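Engineer: Going by the working numbering, the sequence shown opens with residue 2, and the numbers climb by one from there.
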Amino acid sequence: MDPRSVLLISDSSEWSGHAHDYLENRFESVQWYPWDYGNPHTRSFHDWPGTDLLFSFKSDFLIPESMLTKVSEYAINFHPSVPQYRGIGGYRYGLDDGLEEFGATCHFINNSIDAGTIIDVSRFRIHNDETETSLASRTAAVALAQFYSLVDEILAHKRLPQSDERWGTELYTRKRLAEYKSRSSVQASVH
2 MDPRSVLLIS
12 DSSEWSGHAH
22 DYLENRFESV
32 QWYPWDYGNP
42 HTRSFHDWPG
52 TDLLFSFKSD
62 FLIPESMLTK
72 VSEYAINFHP
82 SVPQYRGIGG
92 YRYGLDDGLE
102 EFGATCHFIN
112 NSIDAGTIID
122 VSRFRIHNDE
132 TETSLASRTA
142 AVALAQFYSL
152 VDEILAHKRL
162 PQSDERWGTE
172 LYTRKRLAEY
182 KSRSSVQASV
192 H
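#1: By the three-class DSSP mapping on this structure, what secondary structure does G88 have?
#2: Excluding the five sequence neighbours on either side, which residues of its own chain have a C-beta within less than 6 Å of the C-beta of M68, listed in chain order?
#3: What are the residues that DSSP puts in a beta bridge with H19?
#4: By Cβ distance below 8 Å, which residues in the same chain neighbour G104 in space, the five residues on each side in sequence not counted?
#5: Would you report the Cα separation of D22 and E74, rounded to the nearest angstrom?
#6: Tell me I10's beta-bridge partners as DSSP assigns them.
#7: List the DSSP bridge partners of R124.
#8: Would I77 and I110 be called neighbours here (beta carbons separated by less than 8 Å)?
#9: D12: buried (16+ other C-beta within 10 angstroms of its C-beta) or exposed?
#10: Could you say which of Q163, A116, A20 and R93 lies nearest to T170 if we only look at CA atoms?
#11: If we call anything under 8 Å between Cβ atoms a contact, is F148 one with F62?
#12: In the DSSP assignment, find the beta strand (DSSP E) that holds V72 and state where it starts and stops.
#13: Tell me whether G52 sits in a helix, a strand or coil according to DSSP, three-state version.
#14: Of the residues L24, G88, T52 and V31, which one's Cα is nearest the Cα of K194?
Okay, here's the thing in structure tokens:
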């Protein structure tokens, strides 16, 4: 077992449960904070002592600078979208924009949302009959495989790669997504 300490912040999905189990079987000290947007926070990190590794997996939890300064080795996010879509709503935007490929983006966490140096983007083809739900599920599976691979590299003390890919310039927020969906539903009802 690796002696480094780990904090996993994630949603409460089955995929995140698998990520947690993978860490539990490889590291001596693993803390897990599963949280879904809209639910009350059940943990405060104000007096948190820190960790060696922080993983954010499919999470809407915004990690403040006060936490990042307490991570001794790596703070890494697994973003369930391609870099073109920072923030949320990537599934919807990707389908509506007619993308042929989608994927998961693994990156170092910095002070801005989905803006840290990209480590890897794992892509796959979008099916013709793809829905937001099916795309979210397929993206989660790809993100989990990406997670396993990166954790294995960290366990082997390998230098983490850096991708040549760059983030999109726009940040997609909840407010923007709600407005977009509202406009889309109005347009659909007119036709």
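Backbone N, C-alpha and C define an ideal beta-carbon position, used for all residues, glycine too.
Keep in mind it's a predicted model, so treat the numbers as computed, not measured.
Structural biologist: In this structure, then:
#1: G88 falls in the strand class under three-state DSSP.
#2: Contacts found: F46.
#3: By DSSP's assignment, H19 forms no beta bridge with any residue.
#4: Correct list, in chain order: S82, V83, V122, S123, R124, F125, T140 and V143.
#5: Going from the Cα of D22 to the Cα of E74 covers about 21 Å.
#6: Answer by DSSP bridge pairing, in chain order: Y34 and S57.
#7: In the DSSP output, where bridge partners are listed per residue, R124 has G104.
#8: In terms of Cβ geometry, I77 and I110 form a close pair [threshold 8 Å].
#9: With 16 or more neighbouring CB atoms inside 10 Å of its own CB, D12 falls in the buried class.
#10: Nearest of Q163, A116, A20 and R93 to T170, Cα basis: A116.
#11: Between F148 and F62, the gap from beta carbon to beta carbon reaches 8 Å or more.
#12: That run of the beta strand (DSSP E) goes V72 to H80.
#13: The sequence shown places Thr at residue 52, not Gly. It is a strand residue.
#14: Not covered by the structure: residue 194. The range shown for the chain is 2 to 192.
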